[in-house]
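In what follows, a structure is listed as C-alpha cells, so that the remarks can point back to it.
Right, dumping it as C-alpha cells:
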C-alpha cells in the first residue's frame, strides 16, 4: 500500500497541469498504478482518488464558468465604471484587488473571483452609483 500512496502523491502533483511533460507523466503514473496487482482495498483507494480528482475538476469548471459570466457581463462597462472608487469605498481594497477578481487572475498560485457576498456588494455599488448618476443634472 505504501507504493500506491507514493504513486498517488506524485500523481496528485500533476493534476491540472497542462504542459506536455506533466500530462505524459500523469498518464505514465496512471498506467503504472493500473498495472499493479492491487488489493480490493487499494482499488477502492485508487477509485476514490480518481473520483475526488473528477470532483475537483468539476468544481474548478464551476469557478471558471462563474468567472467567465462575471467578465462577460462587465465586458463593455468595465471601461466606464469607477472600479477604483468601488474597490476603495465598497470593499476597502485597491483597484488591482477588484481587477484581479473580475478577471479571475491567479494570485499566489490560486485563482480568485468574486464570491457570492462580493457579487452582492458589487451589485449594490452599481445600483447606488447608477442612482447618483441618474439624479445628476447640470443647470446653466
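In the working numbering, the protein residues as written are 1232 to 1371. C-beta atoms are modelled at their ideal positions from N, C-alpha and C, and glycine is treated no differently.
Going straight from the alpha carbon of residue 1288 to that of residue 1264, what length do you get?
-> About 21 angstroms.
Look at the alpha carbon of residue 1335 and the alpha carbon of residue 1371, and state the distance between them as a whole number of angstroms.
-> C-alpha separation (whole angstroms): 45 angstroms.
Which word fits residue 1332, buried or exposed, when buried means at least 16 other C-beta atoms lie within 10 angstroms of its C-beta?
-> Classification of residue 1332: buried, given that the 10 Å Cβ count is 16 or more.
Kindly indicate which three-state DSSP category residue 1243 falls into: helix, strand or coil?
-> Residue 1243: helix per DSSP, three-state reduction.
State the Cα-Cα distance for the pair residue 1323 and residue 1303, rounded to the nearest angstrom.
-> CA-CA distance, residue 1323 to residue 1303, rounds to 24 angstroms.
Does the beta-carbon distance from residue 1298 to residue 1249 come in below 7 angstroms?
-> If you check the CB distance, residue 1298 and residue 1249 do not come in under 7 angstroms.
Looking at the structure shown, is residue 1341 part of a helix, part of a strand, or coil, going by DSSP?
-> Of the three classes helix, strand and coil, the one that applies to residue 1341 here is strand, per DSSP.
Indicate whether the contact test is met: 3 or more Cβ pairs, each with one atom in the region 1270–1287 and one in the region 1307–1325, closer than 8 angstroms.
-> Cβ pair count under 8 angstroms is below three, so no.
Taking residue 1273 and residue 1305 to be in contact with their CB atoms under 8 angstroms, please state how far apart those CB atoms are, rounded to whole angstroms.
-> So it is not a contact: roughly 48 angstroms between Cβ atoms.
To the nearest angstrom, report how far apart residue 1360 and residue 1366 are at their CA atoms.
-> Distance between the alpha carbons of residue 1360 and residue 1366 is about 10 angstroms.
Consult DSSP for residue 1314 and reduce its assignment to one of helix, strand or coil.
-> In the structure shown, residue 1314 falls within a helical segment according to DSSP collapsed to helix, strand and coil.
Residue 1291 versus 1237, 1342, 1238 and 1346, residue with shortest Cα-Cα distance = Selected option, being the one with the closest Cα: 1342.
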